[in-house]
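Asker:
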Amino acid sequence: GHNGGIVGVAPNAELYIAKVFGDSGYTDYATVTEAVAYCNEIGADVINMSIGGGDAFPPLVEEIYKAIDQGTVVVVAAGNMGRGGDYDPKNPPKQPKDNVTFPGNIPEVLTVSASDIFNHFAEFSSEGPTVDIMAPGTVWFRWKSAFYYESQGIYSSVAGEASLDQNHYTGDNDELDGTRRFGRMSGTSMAAPHVAGAAALLKSTNSTATAKEIIDILKRSAVTISNLPETRQGAGILDIQRAHEFIKNL
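Be aware that the sequence shown starts at 1, since it is given in this note's numbering, and climbs by one per residue.
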């Protein structure tokens with residue numbers, strides 16, 4: 001982008017930031033519920049939720065269904081509960097995993113697993129029957145042991161005062177005015193915004209398209225990866241160019 005910046009999937013989208021994480025890096029579902037309620041109040045076309053874990057929280061489920069009912073595309077990260085480095089490819093699990101985290105395990109949301117630059121399933125990504133689509137969540141990723149890994153993450157903006165654990169952050173030291181603005185991270189939290197941005201792009205192309213139509217197009221235009229279980233890729237890997245052509249012909 002200009003002046004050292006980067007361009008997102010939907011650069012002309014109007015963003016509303018419903019911040020739920022404080023300086024500690026932690027939050028709770030009551031706070032997330034308030035954030036979704038805020039999005040519902042302003043009538044957001046798309047909600048991205050790069051968040052997950054723990055048991056279902058009924059008030060949050062209620063707000064998510066309210067968003068869906070009023071025509072919002074709710075995009076949720078599948079979670080990063082994939083296998084560790086102790087996985088034995090010669091003796092894989094007999095049954096497909098179902099480790100998608102809440103709220104990505106709500107069937108009606110658009111749940112996103114992660115791929116790498118080679119269109120392979122990212123080994124950290126959660127998988128399960130509620131996965132709808134796969135999108136870039138890392139450039140490359142490999143386990144060094146059961147608990148440690150190496151990766152090159154997705155390049156994006158980071159908070160100016162962010163202080164990130166180097167085990168989870170592999171960033172280029174890009175700074176503007178002496179303050180970090182961009183870096184790299186891996187996770188389904190990076191995959192979900194690709195899909196949310198695609199949904200926003202489709203909505204901006206055809207403002208009369210409904211959430212159901214947008215979700216259907218994202219799935220129909222996705223590219224199925226051969227020999228990859230549906231529990232890992234859903235409809236396939238996100239193809240924004242195909243989706244854009246589909247929406248123009250709606």
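Ideal Cβ positions, reconstructed from N, Cα and C, are used throughout, including at glycine. None of the values given here were measured: they were computed from a predicted structure.
#1: Can you look up ARG142 in the DSSP assignment and give me helix, strand or coil?
#2: At what residue ranges does the stretch 38 to 117 contain a whole run of the beta strand (DSSP E), taking only runs of 3 or more?
#3: Roughly how many angstroms separate the alpha carbons of THR231 and SER115, rounded to a whole number?
#4: On the DSSP letters alone, give me the boundaries of the alpha helix (DSSP H) that SER204 sits inside.
#5: Would you give the residue range spanned by the alpha helix (DSSP H) that ASP216 belongs to?
#6: To the nearest angstrom, report how far apart SER157 and VAL75 are at their CA atoms.
#7: In whole angstroms, what is the alpha-carbon distance linking ALA77 and GLY153?
#8: Quick one: give me the first and last residue of the beta strand (DSSP E) that ILE154 is part of.
#9: Between ILE240 and ALA198, how many whole angstroms is the CB-CB distance? I'm expecting something under 8 Å.
#10: How would you write the range of the beta strand (DSSP E) that ILE133 sits in, first residue to last?
#11: Please report how far the alpha carbon of LYS97 lies from the alpha carbon of ARG83, in whole angstroms.
#12: Can you say whether SER207 is buried or exposed, counting buried as having 16 or more other CB atoms within 10 angstroms of its CB?
#13: What separation, rounded to the nearest whole angstrom, lies between the Cα atoms of TYR38 and LYS212?
#14: Any idea which residues DSSP pairs SER151 with across the strands?
#15: Over the uninterrupted alpha helix (DSSP H) stretch that includes ALA18, give me the two end residues.
#16: How close, in whole Å, do the beta carbons of PHE124 and PHE141 come, if the pair is a contact with beta carbons under 8 Å?
#17: Three-state secondary structure (DSSP) at ILE237?
#18: What does a CB cutoff of less than 7 Å around PRO59 pick up in its chain, not counting 5 residues either side in sequence?
Answerer: According to the structure shown:
#1: Along the sequence shown, one-based indexing puts residue 142 at 142. In this structure, ARG142 counts as strand in the three-state DSSP scheme.
#2: 46 to 49, 73 to 77, 110 to 115
#3: Along the sequence shown, one-based indexing puts residue 231 at 231. Along the sequence shown, one-based indexing puts residue 115 at 115. Cα to Cα, the separation comes out at about 13 Å.
#4: Numbered from 1 along the sequence shown, position 204 holds the residue referred to as residue 204. Where SER204 is concerned, the enclosing alpha helix (DSSP H) stretches over 188 to 205.
#5: Position 216 of the sequence shown, counted from the first residue, corresponds to residue 216. Unbroken alpha helix (DSSP H) run through ASP216: 211 to 221.
#6: Along the sequence shown, read from residue 1 onward, the residue named residue 157 stands at position 157. Along the sequence shown, read from residue 1 onward, the residue named residue 75 stands at position 75. Roughly 19 Å separates the two Cα atoms.
#7: In the sequence shown, residue 77 corresponds to position 77, counting from 1. In the sequence shown, residue 153 corresponds to position 153, counting from 1. So the alpha carbons of these two residues sit roughly 16 Å apart.
#8: Position 154 of the sequence shown holds residue 154. Residues 154 to 157.
#9: Counting from one through the sequence shown, the residue named residue 240 turns up at place 240. Counting from one through the sequence shown, the residue named residue 198 turns up at place 198. With 8 Å as the limit, ILE240 and ALA198 qualify as a contact, their Cβ atoms being about 5 Å apart.
#10: Here the question's residue 133 lines up with position 133 in the sequence shown. From DSSP, the beta strand (DSSP E) with ILE133 extends over 131 to 136.
#11: Along the sequence shown, one-based indexing puts residue 97 at 97. Along the sequence shown, one-based indexing puts residue 83 at 83. Looking at the two C-alpha atoms, the distance is approximately 9 Å.
#12: If you number the sequence shown from 1, residue 207 lands on position 207. Per the 10 Å Cβ criterion, exposed.
#13: For the purposes of this step, residue 38 is taken as the residue at position 38 of the sequence shown. For the purposes of this step, residue 212 is taken as the residue at position 212 of the sequence shown. Taking the straight line from one Cα to the other gives about 22 Å.
#14: Residue 151 sits at position 151 when you count from the first residue of the sequence shown. Its beta-bridge partners are PHE141.
#15: Indexing the sequence shown from 1 puts residue 18 at position 18. Run containing ALA18: none; DSSP gives neither H nor E here.
#16: Locating residue 124 in the sequence shown gives position 124, counting from the first residue. Locating residue 141 in the sequence shown gives position 141, counting from the first residue. The pair is a contact, with the Cβ atoms about 6 Å apart (cut-off 8 Å).
#17: Position 237 of the sequence shown holds residue 237. Looking at ILE237 - three-state DSSP - the assignment turns out to be strand.
#18: For this step, residue 59 is matched to residue 59 along the sequence shown. Excluding sequence neighbours, PRO59 sits near THR33.
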